[in-house]
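When you line the sequence shown up against this note's numbering, it's residues 1 to 561, in that order.
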Amino acid sequence: MTIRHRNGGRCRQSAFIAVLLLLTLGLAGLLAQQAHEAARSHRAVAEGTLRDYAAFAAWKFGGSIKGELFWMYSMALQPFLQTRHGHLPDEDRLPDPSEFVVSPEKKVYFPDHMVRSYFRLALGTRNLRTRGDEVRPRVRAWMVDTLTAHARSLYGLDWKMASLIGDVGGEPHVLVYVLERDGAGRPRSLAGFELDPAALAPVLGRLYGDGHYLPPSLVGEASTDSLLSLVVRDPAGRVVYRSPTQYPRVFTAADSAGTAVGGLTVEVSLRPEVARKLVIGGLPRSRVPLLLGLLALTAGLVLAALLQHRREYELAELRSEFVSNVSHELRTPLAQIRMFAETLLLGRVRSPDERRRSLEIIDQEARRLTHLVENVLHFSRAERRAVKLSVEPTDLSLLIREVVDGFLPLARARQIRVRTDLEEGLRVPVDTSAFRQMLLNLLDNAVKYGPAGQTITVGAETQGSDVLVRVDDEGPGIPPKDRGRIWERFWRLEREEEKAVAGTGIGLAVVLELARLHGGRAWVAGAPGGGARFVLELPGAEHTHALLGADTRPVAATSAP
1 MTIRHRNGGR CRQSAFIAVL LLLTLGLAGL LAQQAHEAAR SHRAVAEGTL
51 RDYAAFAAWK FGGSIKGELF WMYSMALQPF LQTRHGHLPD EDRLPDPSEF
101 VVSPEKKVYF PDHMVRSYFR LALGTRNLRT RGDEVRPRVR AWMVDTLTAH
151 ARSLYGLDWK MASLIGDVGG EPHVLVYVLE RDGAGRPRSL AGFELDPAAL
201 APVLGRLYGD GHYLPPSLVG EASTDSLLSL VVRDPAGRVV YRSPTQYPRV
251 FTAADSAGTA VGGLTVEVSL RPEVARKLVI GGLPRSRVPL LLGLLALTAG
301 LVLAALLQHR REYELAELRS EFVSNVSHEL RTPLAQIRMF AETLLLGRVR
351 SPDERRRSLE IIDQEARRLT HLVENVLHFS RAERRAVKLS VEPTDLSLLI
401 REVVDGFLPL ARARQIRVRT DLEEGLRVPV DTSAFRQMLL NLLDNAVKYG
451 PAGQTITVGA ETQGSDVLVR VDDEGPGIPP KDRGRIWERF WRLEREEEKA
501 VAGTGIGLAV VLELARLHGG RAWVAGAPGG GARFVLELPG AEHTHALLGA
551 DTRPVAATSA P
């Protein structure tokens with residue numbers, strides 16, 4: 001009842017800790033998600049701010065285009081704007097484009113041959129008169145239709161002039177005109193000029209290079225081309241001007257220069273590095289890799305904690321089982337010793353043979369008890385890294401025979417025969433007490449897991465400068481997949497757990513540790529006649545002393561040499 005209650009309490013405690021660790025992982029994931037959302041929101045605000053600056057620059061550049069083109073167009077429209085009472089000149093009085101001479105001080109603003117031709121259109125009769133470059137019939141028809149529709153539907157009441165951009169057969173045409181109205185305010189006629197489209201690019205380039213389209217308080221005196229790039233398109237999407245420097249279209253905005261200047265569209269793209277000047281702290285970097293890394297680290301730590309906790313739980317279970325097994329193993333020989341000792345003390349034996357048998361059983365159980373206690377002591381010292389060996393050259397063949405002779409009473413109890421196959425004259429530096437314990441553990445293991453009536457063979461032979469000590473049994477053997485794990489403390493084969501074979505689960509772990517402290521190793525393989533063969537490899541005198549006192553950490557046993 002007590003053990004069951006303790007196990008139940010330990011299970012509940014383990015489940016509670018596991019739930020806490022999983023909740024910690026869930027909380028870390030939630031915090032990472034919230035941090036990601038906050039960072040994404042911060043970045044979205046910063047990116048929106050940069051696009052607002054791009055929109056501001058596009059709007060400001062569009063205003064500069066409108067002002068500059070109006071001023072430039074008004075110079076070419078002077079013959080029409082200077083007429084009295086707002087009346088346009090007669091067709092015969094259209095100016096000659098060749099007479100439009102730009103003064104030297106203004107050549108920087110106006111390219112040569114800016115005006116292709118002047119024209120006048122009577123809206124009522126749709127009569128179009130031109131002067132200058134020859135206008136092809138197809139272009140003439142387009143001009144009549146387009147100008148008529150534009151003047152009647154788009155020309156604003158407060159406009160002083162207007163311009164429109166179109167194409168005929170893929171060729172762009174730019175028309176600039178002023179409108180004359182009758183007494184009722186209805187459009188009557190218009191006059192203007194056709195502009196060479198190539199004249200726009202130099203003007204727009206000068207505006208791009210000379211203007212300031214971002215707040216100087218933020219960007220200082222930096223040149224425009226180091227801050228932003230520009231593309232100006234006509235209503236059909238054709239590029240009218242493209243700045244020499246182009247930046248990625250990440251923080252981009254567009255604005256229209258207005259219908260009055262032909263519906264030109266200005267698209268501005270900010271240089272990404274400008275974000276440091278326009279936004280406090282610059283554009284926030286993506287924190288997704290960091291958050292994912294931290295979350296993965298947290299998950300790894302939680303998983304490691306869960307695995308470690310599970311291992312500790314399993315170890316606690318094994319320790320509890322170990323204590324129970326040791327208690328049982330101690331109780332059995334003690335009960336036997338006490339029973340037969342009381343029989344002798346009370347004089348209940350009926351013959352000298354019974355007396356001798358009682359004494360043999362007491363001796364057998366005392367040996368078994370001594371072996372068990374020595375195992376527990378060796379295991380405890382190994383756990384504390386407190387095992388110290390007293391190594392001296394020893395006749396190993398003689399020592400093996402002594403151990404086997406002392407073990408025979410325990411073997412006879414199960415009708416088991418023990419034979420030796422020893423190479424004579426073996427002298428190996430060993431700790432006799434430790435070697436005795438190793439061999440007894442292997443013999444005890446063979447007796448426990450082998451069938452009654454079997455023959456156990458103990459052999460010893462040299463191999464180079466090493467000595468191999470082997471113990472063969474006739475049991476079921478060890479599956480290859482388990483030959484490494486049987487050396488772990490408290491670990492037992494599943495088939496033995498089902499058979500409830502008595503034992504503490506530390507015998508082979510003690511063998512492995514003592515073999516390693518001798519500078520040797522231990523492994524298990526299949527015996528030639530079936531069963532299992534356990535092998536101890538002990539180094540010769542020439543290097544044994546060098547290995548003693550070295551690192552005393554446990555090492556994994558191998559299942560084959």
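Ideal Cβ positions, reconstructed from N, Cα and C, are used throughout, including at glycine.
Apart from the five residues on each side of it in sequence, which residues of its chain come closer than 6 Å, Cβ to Cβ, to glycine 258? Translated into the one-based positions of the sequence shown, residue 258 becomes position 258. Excluding positions up to five away in sequence, the list reads Lys66.
Just the Cα atoms here: how many angstroms apart are proline 566 and threonine 146? This structure gives no information on residue 566, because the portion of the chain shown stretches from 1 to 561.
Check the DSSP bridge columns for asparagine 127 and list the partner residues they point to. As a first step, residue 127 must be located in the sequence shown, where it is residue number 127. According to DSSP, which records beta bridges pairwise, asparagine 127 is partnered with Ala122.
If you count every other CB in all the chains shown that lies within 10 Å of the CB of valine 19, and 16 or more means buried, which is it? If you number the sequence shown from 1, residue 19 lands on position 19. Around the Cβ of valine 19, a 10 Å sphere holds fewer than 16 other Cβ atoms; the residue is exposed.
Closest by CA to alanine 39, which one among Gly425, Pro289, Tyr73 and Val261? Here the question's residue 39 lines up with position 39 in the sequence shown. For alanine 39, the nearest C-alpha among the options comes from Pro289.
So the candidates are Gly209, Arg188 and Arg276; which of them puts its Cα closest to the Cα of threonine 125? Here residue 125 is taken as the residue at index 125 of the sequence shown, counted from 1. Nearest to threonine 125 by C-alpha distance, out of Gly209, Arg188 and Arg276, is Arg188.
Note the first and the last residue of the continuous alpha helix (DSSP H) segment covering proline 79. Here residue 79 corresponds to residue number 79 of the sequence shown, with the count starting at 1. Its alpha helix (DSSP H) spans residues 78 to 81.
For the structure I just gave you, are there three or more beta carbon pairs, one from the stretch 397 to 406 and one from the stretch 430 to 444, closer than 8 Å? yes
Which of the three DSSP states, helix, strand or coil, is assigned to valine 19? In the sequence shown, counting from the first residue as 1, residue 19 sits at position 19. Valine 19: helix per DSSP, three-state reduction.
Can you tell me which of Ser390, Asp444, Glu342 and Leu396 puts its alpha carbon nearest to the alpha carbon of arginine 367? Position 367 of the sequence shown, counted from the start, is the residue given in the question as residue 367. Nearest of Ser390, Asp444, Glu342 and Leu396 to arginine 367, Cα basis: Asp444.
Which whole-angstrom value is the C-beta distance of alanine 58 and aspartate 196, which I expect to be below 8 Å? Along the sequence shown, read from residue 1 onward, the residue named residue 58 stands at position 58. Along the sequence shown, read from residue 1 onward, the residue named residue 196 stands at position 196. With 8 Å as the limit, alanine 58 and aspartate 196 do not qualify as a contact, their Cβ atoms being about 26 Å apart.
Could you compute how far the alpha carbon of serine 217 sits from the alpha carbon of lysine 277? Taking the sequence shown and counting its residues from 1, the one referred to as residue 217 is at position 217. Taking the sequence shown and counting its residues from 1, the one referred to as residue 277 is at position 277. Roughly 10 Å separates the two Cα atoms.
Helix, strand or coil, according to DSSP, for tyrosine 213 in the structure here? The count along the sequence shown starts at 1 and reaches residue 213 at position 213. Coil.
Which residue comes first and which comes last in the beta strand (DSSP E) that contains phenylalanine 534? What you label residue 534 is simply residue 534 of the sequence shown in a count that begins at 1. For phenylalanine 534, the enclosing beta strand (DSSP E) has its first and last residue at 532 to 539.
Express the C-alpha separation of leucine 295 and glycine 529 in angstroms, rounding to a whole number. Taking the first residue of the sequence shown as position 1, residue 529 is located at position 529. Taking the first residue of the sequence shown as position 1, residue 295 is located at position 295. In a straight line, the C-alpha of glycine 529 is about 56 Å away from that of leucine 295.
Hey, how far is the Cα of proline 352 from the Cα of threonine 370? Indexing the sequence shown from 1 puts residue 352 at position 352. Indexing the sequence shown from 1 puts residue 370 at position 370. If I take the Cα positions, the gap works out to 27 Å.
Over what stretch of residues does the beta strand (DSSP E) that includes arginine 186 continue unbroken? Translated into positions along the sequence shown, residue 186 becomes position 186. Neither: arginine 186 is in no beta strand (DSSP E) and is coded neither H nor E.
Among residues of its own chain, excluding the 5 on either side of valine 115, which ones have a beta-carbon nearer than 8 Å to its beta-carbon? The residue you call residue 115 lines up with position 115 of the sequence shown. Cβ within range, chain order: Ala76, Pro97, Phe100, Gly132, Phe193, Glu194, Leu195 and Asp196.
Isoleucine 337 by DSSP, collapsed to three states: which one? Position 337 of the sequence shown, counting from 1, holds the residue named residue 337. In the structure shown, isoleucine 337 sits in a helix (DSSP, three-state: H, G or I).
Which residue from Tyr118, His36 and Gly62 puts its Cα closest to that of glutamine 78? Counting from 1 along the sequence shown, the entry for residue 78 is found at position 78. Checked all of Tyr118, His36 and Gly62; the closest Cα to glutamine 78 is Tyr118.
Below 8 Å on the Cβ atoms is my guess for valine 535 versus alanine 522; work out the distance and round it to an integer in Å. Taking the sequence shown and counting its residues from 1, one reaches residue 535 at position 535. Taking the sequence shown and counting its residues from 1, one reaches residue 522 at position 522. Confirmed, about 7 Å.
Which residues bound the alpha helix (DSSP H) around glutamine 437? Residue mapping note: residue 437 aligns to position 437 of the sequence shown, counting from 1. Run containing glutamine 437: 432 to 449, per the alpha helix (DSSP H) assignment.
With DSSP as the reference, please indicate the residues paired to serine 269 in a beta bridge. Looking up residue 269 in the sequence shown gives position 269. According to DSSP, serine 269 bridges with Ser229 and Thr252.
Which residue from Gly526, Lys60, Ala46 and Gln454 puts its Cα closest to that of threonine 224? Residue mapping note: residue 224 aligns to position 224 of the sequence shown, counting from 1. Minimum Cα distance to threonine 224 is reached at Lys60.
Whole-angstrom distance between glycine 505 and alanine 35, CA atom to CA atom: Position 35 of the sequence shown, counted from the start, is the residue given in the question as residue 35. Position 505 of the sequence shown, counted from the start, is the residue given in the question as residue 505. Using only the alpha carbons, I get a separation of about 51 Å.
Among the residues of its own chain, which have a CB less than 8 Å from the CB of valine 144, if the five just before and after it don't count? To locate residue 144, count along the sequence shown from 1; it is residue 144. Result list for valine 144: Leu121, Arg126 and Leu128, in chain order.
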